[in-house]
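This report refers to the structure that appears directly beneath it.
In structure tokens, the structure reads:
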């Protein structure tokens with residue numbers, strides 16, 4: 032399928048980016064392709080990852096010290112901006 036991609040200036044938590052980049056590399060895809068797949072699955076209410084991939088993610092989270100979970104997403108604050116971004 033032919034699509035048009037655009038460059039974005041998205042800011043994400045540093046350790047989260049490290050895990051996502053490592054997972055993309057592990058799956059031999061770009062970070063953008065990984066994110067597109069996650070979002071498209073989420074839009075349909077479908078889980079984006081198999082149990083095996085979730086095991087890989089758990090290992091990568093340990094390697095990069097990512098201790099955040101879904102419940103944290105509404106409480107994250109960037110000290111450089113001084114505001115919470117969970118309600119966007």
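Residue numbers (our numbering): 32 to 119.
Using N, Cα and C, we set each Cβ at its ideal position, and we do this for glycine too.
Keep in mind the model is a prediction, meaning the values are calculated, not measured.
One question on the structure: do residue i and residue j come within less than 8 Å of each other, judged by their Cβ atoms?
i	j	result
residue 42	residue 97	no
residue 88	residue 48	no
residue 53	residue 61	no
Would the beta-carbon of residue i be found less than 7 Å away from any heavy atom of the ligand GDP?
i	result
residue 98	Absence of the ligand GDP is noted for the structure shown, with no ligands found whatsoever.
For residue i, which residues in the same chain have their Cβ closer than 7 Å to its Cβ, ignoring the five residues on either side in sequence?
i	result
residue 39	none
residue 92	50
residue 119	No answer about residue 119 holds up, because its pLDDT of 48 lies below 50 and its placement is not dependable.
Who are the near neighbours of residue i in its chain, counting only those whose CB is closer than 8 Å to its CB and skipping five residues on each side?
i	result
residue 64	55
residue 73	79
Could you pull the start and end residues of the alpha helix (DSSP H) that residue i belongs to?
i	result
residue 74	62-74
residue 93	82-95
residue 46	45-57
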